[in-house]
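Take a look at the structure below.
Protein chains: 2
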Amino acid sequence: MALEIERKFLVATDGWKKHTLVKKVPIEQGYFSTGEKAPVIRIRVTNEQAFMTIKSTQRGMTRKEFEYEIPLVDGEELIKACWRPTIKKTRHYIVDNFDQLWEIDIFRGVNKGLVLAEIELESEKQPVIIPEWLGREVTNDDRYRNVALGSTKVPKE
Amino acid sequence: MALEIERKFLVATDGWKKHTLVKKVPIEQGYFSTGEKAPVIRIRVTNEQAFMTIKSTQRGMTRKEFEYEIPLVDGEELIKACWRPTIKKTRHYIVDNFDQLWEIDIFRGVNKGLVLAEIELESEKQPVIIPEWLGREVTNDDRYRNVALGSTKVPKE
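Those sequence lines, one after another, are chains A and B. Residue numbering for the first sequence follows the numbering used here, starting at 2 and increasing by one per position. Residue numbering for the second sequence follows the numbering used here, starting at 2 and increasing by one per position.
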């Protein structure tokens, strides 16, 4: 079990593209449970790995997370059993000028074109230097939870 | 992913106790999802191991099963988040006179005193020699699914 502490932001401009791209990963993820009453149970499949993740129901910056790598063939089978539609996005890992690692997700599907940035923190109080290409913070905005983004289009800001 | 093919029976007498006891394991298991619409997601904790298991929604003898061992500390934490009440039972692995391995579950909780026997098969057509201590087969009786036995008392037969 790990504590997942993260902040999430809209991305206002393409300014992030000037930074070092560490890695670019296509992701498909689906859910068995959305965490309304029970924990969120997520299957995530990339081009070479699969994970099963259980996240506690708390909202906000910090959540308990149990993540296990599973065989890719299992992941591909399990994601077929997840709620439709699944979420499809391409994740870009970039390092900004202040050595902060950002995950920039470009969504496909119902939220095609949506771009979100996440940063993982060691503690809730860890300072984050906000790059100029970031938009509004949506850490506490339920509409931007991944589990919601697969099926519900968010308004363009 | 494995195919789980099993048959389940009531236990009519204590006759099984004369057979070789291979192992006796206290089990607590809980669920995040009961498989009504989504797959069954089960956390099982014994005295020394923990597992997360996803089972497909099919009823009857054969189900797809994805089982992963997880750290015991994770299992103990996750089972707290499962639906109440969890299932508590002691599993006895015995080998009968025909070298068949049986799992004899003695339940605690709402079904305290209930005893069920399960046998895992290689195929649905594999013959089973029915020992004289077995009662009625309940493979297709939904009341005897584990996910139901935690909360609903079955009538004594």
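We put the CB at the ideal spot given by N, CA and C, even for glycine. Note that the structure is predicted; figures quoted are calculated from it, not measured.
Amino acids of chain B, ordered along the chain, whose beta-carbon sits closer than 7 Å to that of residue i
i     : result
A/P40 : F33, A82
A/I55 : L79
Backbone secondary structure at residue i - three-state DSSP
i      : result
A/D106 : strand
B/R144 : helix
A/E77  : helix
A/V139 : coil
A/L150 : helix
B/K18  : helix
A/V129 : coil
A/V96  : strand
A/V46  : strand
Residue i, buried or exposed, once every other Cβ within 10 Å from all chains shown has been counted against 16
i      : result
A/S124 : exposed
B/V148 : buried
A/G99  : As written in the sequence, residue 99 of chain A is Phe, which differs from the Gly given in the question. Exposed, because fewer than 16 other Cβ atoms sit within 10 Å of the Cβ of A/F99.
A/N141 : exposed
B/D97  : buried
B/L48  : The sequence given here has Asn at residue 48 of chain B, not Leu. Label assigned to B/N48: exposed.
B/P40  : buried
A/V139 : buried
A/P86  : exposed
A/A3   : exposed
A/V116 : buried
Chain B residues whose Cβ lies nearer than 9 Å to that of residue i
i     : result
A/F99 : The contacting residues do not exist; A/F99 stays about 34 Å from chain B at best.
Per DSSP, the bridge partner or partners of residue i
i      : result
B/L117 : B/L11, B/D106
B/V23  : In DSSP, B/V23 forms no bridge with anything.
Chain B contact residues for residue i, given Cβ-Cβ distances below 8 Å
i     : result
A/F67 : I71, D75, E78, L79
Contact set between residue i and chain A, taken where Cβ atoms lie within less than 7 Å
i     : result
B/M62 : Per Cβ cutoff of 7 Å: no residues; B/M62 is ~20 Å from chain A at best.
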